[in-house]
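In the numbering used here, the protein residues as written are 36 to 975.
All C-beta atoms, glycine included, are put in the ideal place defined by N, C-alpha and C.
If you're wondering where the values come from, they're calculated on a predicted model, not measured in any experiment.
A quick write-up on the structure given underneath.
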Amino acid sequence: MDVWLIAVGLLVHIVFFYSIFDIYFTSPLVHGMTPRTTPLDPPARRLVLFVADGLRADKLYELDESGHTRAPYLRSIIEEKGSWGVSHTRVPTESRPGHVALIAGFYEDVSAVAKGWKENPVEFDSVFNESRYTWSWGSPDILPMFSKGATGNHVFTHTYPAGYEDFADEDASRLDMWVFDKVKEFVQDVKQNDTLGKMVSSDRIVLFLHLLGIDTNGHAHKPFSEEYLTNIRLVDAGIREAVELIESAFEGDGKTAYVMTADHGMTNWGSHGAGHPHETLTPIVAWGAGVNKPSTPGNAEEYSDGFSQLWKLDHLKRQDINQADIASLMASLIGTPFPLNSVGLLPLGFLDNTGHYKAESLLTNARQILAQYEVKEKHMQETTLALFFSPFKPLSAGQKADILRTIQAQISKGQTDNAISTTHDLIQRALDGLKYYHNYDRFLLGTSILMGYLGWMAYILQHLLNFHTSIPKPRWTKLDGLTASGFLVKWGLDIVFTALGLVVVSLLTIQSSPAMYYVYCLLPVPLWYTAVKQYSIFYQAVSHIVSVVGFCKLIGYLMLGVIAMEIVVLSMFWREVLSLGLVAIALWPFFTELRHLNKGFVAGWTVSCLAVAVFPLLPVVGRDANINLVTLAGVLFLLSSLGALLYLRTHRHPLTNPVHSAIGPLQLVILVLSIYVVKSTWASLGSKRGLPLVNQCLSWATFGSSFLIPGLTSVEVVSRLLSTAMAFAAVFLLTSTSHEGLFCLALCYLMFFWLLCEHRLSHSANVKLRDLSFGEEWTLLRGPQRRLVLDDLRCAYFFIFFILTAFFGTGNIASINSFDPASVYCFLTVFSPFIMGSLLLWKIVILFLLVTCTFKAIHILLRLPNTSLFLVVLLLSDGLALQFFFLVRDSGSWLDIGTSISHYVIVMCMIIFVMLLLVLARLFTTVTFGLGHRGKFHST
Numbered sequence: 036m037d038v039w040l041i042a043v044g045l046l047v048h049i050v051f052f053y054s055i056f057d058i059y060f061t062s063p064l065v066h067g068m069t070p071r072t073t074p075l076d077p078p079a080r081r082l083v084l085f086v087a088d089g090l091r092a093d094k095l096y097e098l099d100e101s102g103h104t105r106a107p108y109l110r111s112i113i114e115e116k117g118s119w120g121v122s123h124t125r126v127p128t129e130s131r132p133g134h135v136a137l138i139a140g141f142y143e144d145v146s147a148v149a150k151g152w153k154e155n156p157v158e159f160d161s162v163f164n165e166s167r168y169t170w171s172w173g174s175p176d177i178l179p180m181f182s183k184g185a186t187g188n189h190v191f192t193h194t195y196p197a198g199y200e201d202f203a204d205e206d207a208s209r210l211d212m213w214v215f216d217k218v219k220e221f222v223q224d225v226k227q228n229d230t231l232g233k234m235v236s237s238d239r240i241v242l243f244l245h246l247l248g249i250d251t252n253g254h255a256h257k258p259f260s261e262e263y264l265t266n267i268r269l270v271d272a273g274i275r276e277a278v279e280l281i282e283s284a285f286e287g288d289g290k291t292a293y294v295m296t297a298d299h300g301m302t303n304w305g306s307h308g309a310g311h312p313h314e315t316l317t318p319i320v321a322w323g324a325g326v327n328k329p330s331t332p333g334n335a336e337e338y339s340d341g342f343s344q345l346w347k348l349d350h351l352k353r354q355d356i357n358q359a360d361i362a363s364l365m366a367s368l369i370g371t372p373f374p375l376n377s378v379g380l381l382p383l384g385f386l387d388n389t390g391h392y393k394a395e396s397l398l399t400n401a402r403q404i405l406a407q408y409e410v411k412e413k414h415m416q417e418t419t420l421a422l423f424f425s426p427f428k429p430l431s432a433g434q435k436a437d438i439l440r441t442i443q444a445q446i447s448k449g450q451t452d453n454a455i456s457t458t459h460d461l462i463q464r465a466l467d468g469l470k471y472y473h474n475y476d477r478f479l480l481g482t483s484i485l486m487g488y489l490g491w492m493a494y495i496l497q498h499l500l501n502f503h504t505s506i507p508k509p510r511w512t513k514l515d516g517l518t519a520s521g522f523l524v525k526w527g528l529d530i531v532f533t534a535l536g537l538v539v540v541s542l543l544t545i546q547s548s549p550a551m552y553y554v555y556c557l558l559p560v561p562l563w564y565t566a567v568k569q570y571s572i573f574y575q576a577v578s579h580i581v582s583v584v585g586f587c588k589l590i591g592y593l594m595l596g597v598i599a600m601e602i603v604v605l606s607m608f609w610r611e612v613l614s615l616g617l618v619a620i621a622l623w624p625f626f627t628e629l630r631h632l633n634k635g636f637v638a639g640w641t642v643s644c645l646a647v648a649v650f651p652l653l654p655v656v657g658r659d660a661n662i663n664l665v666t667l668a669g670v671l672f673l674l675s676s677l678g679a680l681l682y683l684r685t686h687r688h689p690l691t692n693p694v695h696s697a698i699g700p701l702q703l704v705i706l707v708l709s710i711y712v713v714k715s716t717w718a719s720l721g722s723k724r725g726l727p728l729v730n731q732c733l734s735w736a737t738f739g740s741s742f743l744i745p746g747l748t749s750v751e752v753v754s755r756l757l758s759t760a761m762a763f764a765a766v767f768l769l770t771s772t773s774h775e776g777l778f779c780l781a782l783c784y785l786m787f788f789w790l791l792c793e794h795r796l797s798h799s800a801n802v803k804l805r806d807l808s809f810g811e812e813w814t815l816l817r818g819p820q821r822r823l824v825l826d827d828l829r830c831a832y833f834f835i836f837f838i839l840t841a842f843f844g845t846g847n848i849a850s851i852n853s854f855d856p857a858s859v860y861c862f863l864t865v866f867s868p869f870i871m872g873s874l875l876l877w878k879i880v881i882l883f884l885l886v887t888c889t890f891k892a893i894h895i896l897l898r899l900p901n902t903s904l905f906l907v908v909l910l911l912s913d914g915l916a917l918q919f920f921f922l923v924r925d926s927g928s929w930l931d932i933g934t935s936i937s938h939y940v941i942v943m944c945m946i947i948f949v950m951l952l953l954v955l956a957r958l959f960t961t962v963t964f965g966l967g968h969r970g971k972f973h974s975t
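What follows is the structure, encoded as structure tokens:
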């Protein structure tokens, strides 16, 4: 394999992949603003924030089967004392971005999820940071985000040990009980400790109770389980008791405000992270000092979703808000400055105060958002040449000053309703301006990446045509001939592209552009320079293909190729399209000589294609656990492996090392143990006895052995592929919860018949399949390697299609983005996002490797150079990535935006990952641990 070319390709695609973060995932944070505070006295001196992690709005508000509420205290608050509504979250619906939106008032970019959960430096302002003192109790994964790095020593956190977050715990509600117990101790300390009592008696005090039990029970038992619903009742009772204690500690001075909400919801199958309404609709209940009392809804305030009627709350005014608005609400209630990076809009409907106070508070909110806008605008002016700078016209400096003067005049005249309306318009303009400047460089970067893609694809295509095909080469494939005209053209190209590069560097330097901008804008220059120098090979290739296959046939092939690629594109939006593609692929042998050569192969291929085609039509994995299906898949794996091993034993070469023969029975034992571990683990969890230590040890031992055992077997293709599949199957079963085990089995059969069909079509009938070897000496014995032909495009396309089938066969964007720890319960149940995430990623990689190892075997079978088919795959994948680059959206629903970006990221990851997969496949198929015979070529 051309190491240099692969290294360059890897770097280029890393640049393409990284560009998406600079184009769409850049942080919205800006710095240099001055805190803004409402000039009037706030209604509350202290605020208590309850966040019930993972609580869905419907599960709190709805009545149970007997017509009773699960949260009688909060229901009484809604009906008698406070305001309520639905808080709408954004994607990703994860704990970190949810809490940042709640407490800091802005929506983190999607990549923030990857920043981790523990020991995060606070790189943003928050209500806690602006408070005089904040005390918080709860999870060690959330609280440190708002204390570590906060200015001053005024944010105090109290967390339970990380080991408490155990999804196999008999009662996860103990996490919430721990918080409520600590609050009781705190109230007692306030009464007994004069120093603490004086601190708590100050103004701008925040008490934060992070309640994780509902989320943990939802993951472990699902949101409709008794454990989840009972935990809601426990939280409701705990909130009632905490409120009574706090009120008694301050002798009912009426200066405490309370806010109860959730960071995200949860799907019926116990996951979150995507954009399902059950994940994005969370409750918001507020009461106490400065909060409006219940009122009846007006006609204009009715919601068309029908939830209020379903919850029997349609007689009360409902106020829906965006999650980031809660930070502004809390800041207004206790008089802290609005968080510097907040984009939340103060929800005036929650405030019980004068029109003057509301207008002044909203104006402060507007000034705080305007401050961010001014910093953004100044930054763009300083980093853009005046000739090219295009300001945000709806909010020029003059317009901003005029609007602020108008608002001040309206407030002075007592025209508060007009002032509020004008301020809302100003805030909307400022938010639009923030978005405008945030996306200011998007066109420049997008154009650069587009030209880079096209230049890279042209470079790869000319490399393929020059070195991997039999197309006759033109007299000069490069403009470096000795003729005067050739020299002049080459010299002209050198000057043009050098000048272009210097112009790009000069403009970027003058504008003080970030370092990566130089990479994005300069990358197309050498790629296009190389491609243009090879212009003649493109003309020669088209002429040759037309002369060989004919113009009409070429057009037909192109149309077929476009349809095939569009099937891949559409399958990423609708999984069911994969089934359509598999049905079409199932018919492929009937249009080849296979239908005459071996009808058994054709039947096996067709049946396995149709079997795999069933799975994209089924619900995504994770919604409902069905361990019986996992057991069935394990038994079928066991029987299939046993049959394959018996066949190989009866046809094995007599010189085969006896150690290799012993590995098969060992792997059968491991498969049996995997089936047992899955069954017993889920039985133990179901009876709330936790994860047995023996099962955990066996699971990790199986995981570790899967990397070693294939290397103990022969490098004969069938033996090594079978051993690798059995090793992966054992691990895959341990991470399965439903029908994905059967999908893995069906995919293995499909890969087997793909290898059989390609073997027959390769005209290698004189070589038995069991004699093919991954060893280098086998390739040397077979003679010289051949060049690419048109049929090889089909093989490369199958590889891409099967990779995507492996990815989306049992899931979709939402299910892959959502976090559901149930798949790793055989390995661990204590919350550890990085270990759990790594295991879930490896579960997907296993399917990829099954396809890639088969592709590696086909590569050897076809006697192609290692680079040839890979470059074809790379070219087709880049075509996909370029199409998804154009499909990325920055408007519409957050789910639409997130999905479009996810598609591009998935394709880019696939391209980079394929390079790594081929390396992994090479390791799994060729590495041995020196136990003897490496496999040998035999002709028949």
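Beta-carbon contacts of residue i that lie in its chain and below 7 Å, excluding the five residues immediately before and after
{"i": "V766", "result": "T737, F738, S741 and I881"}
{"i": "F959", "result": "P745, T759, L884 and C888"}
{"i": "L46", "result": "none"}
Neighbourhood of residue i by C-beta, 8 Å cutoff - its chain only, sequence neighbours within 5 removed
{"i": "Y939", "result": "I55, A916, F919, F920, L922 and V923"}
{"i": "G117", "result": "Y293, V320, A321, W322, G323, V326, N327, K328 and P329"}
{"i": "A892", "result": "V752, L756, L790, L807, F809 and T960"}
{"i": "K352", "result": "S118, P329, S330, T331, P332, G333, E336 and G384"}
Buried/exposed call for residue i, threshold 16 Cβ in 10 Å
{"i": "S283", "result": "exposed"}
{"i": "F809", "result": "buried"}
{"i": "S447", "result": "exposed"}
{"i": "F626", "result": "exposed"}
{"i": "K94", "result": "buried"}
{"i": "C779", "result": "buried"}
{"i": "T253", "result": "Correcting the residue identity first, residue 253 is Gly in this sequence and not Thr. Classification for G253: buried."}
{"i": "W491", "result": "buried"}
C-alpha distance - residue i paired with residue j, whole-angstrom precision
{"i": "P382", "j": "H313", "result": "23 Å"}
{"i": "V886", "j": "W640", "result": "15 Å"}
{"i": "L14", "j": "L264", "result": "The structure shown does not extend to residue 14, since the chain spans only 36 to 975, so no value can be given for it."}
{"i": "Q407", "j": "Q358", "result": "19 Å"}
{"i": "F636", "j": "A197", "result": "54 Å"}
{"i": "P856", "j": "I705", "result": "23 Å"}
{"i": "R402", "j": "M212", "result": "41 Å"}
{"i": "G44", "j": "T772", "result": "37 Å"}
{"i": "V135", "j": "I361", "result": "11 Å"}
{"i": "L242", "j": "W304", "result": "32 Å"}
{"i": "H256", "j": "D206", "result": "11 Å"}
Three-state secondary structure (DSSP) of residue i
{"i": "D250", "result": "helix"}
{"i": "Y293", "result": "strand"}
{"i": "R353", "result": "strand"}
{"i": "T317", "result": "strand"}
{"i": "R91", "result": "coil"}
{"i": "E751", "result": "strand"}
{"i": "S122", "result": "strand"}
{"i": "D229", "result": "helix"}
{"i": "V190", "result": "strand"}
{"i": "G173", "result": "strand"}
{"i": "S928", "result": "Caution is warranted here: a pLDDT of 49 is assigned to S928, below 50, making its placement in the model unreliable, and the coordinate value is therefore given only provisionally. Reduced to three states, the DSSP call for S928 is coil."}
{"i": "D201", "result": "strand"}
Bridge partner(s) assigned by DSSP for residue i
{"i": "F85", "result": "L244 and M295"}
{"i": "G323", "result": "A292"}
Nonlocal neighbours in the same chain, by C-beta distance under 6 Å from residue i, ignoring five residues either side
{"i": "L807", "result": "V752"}
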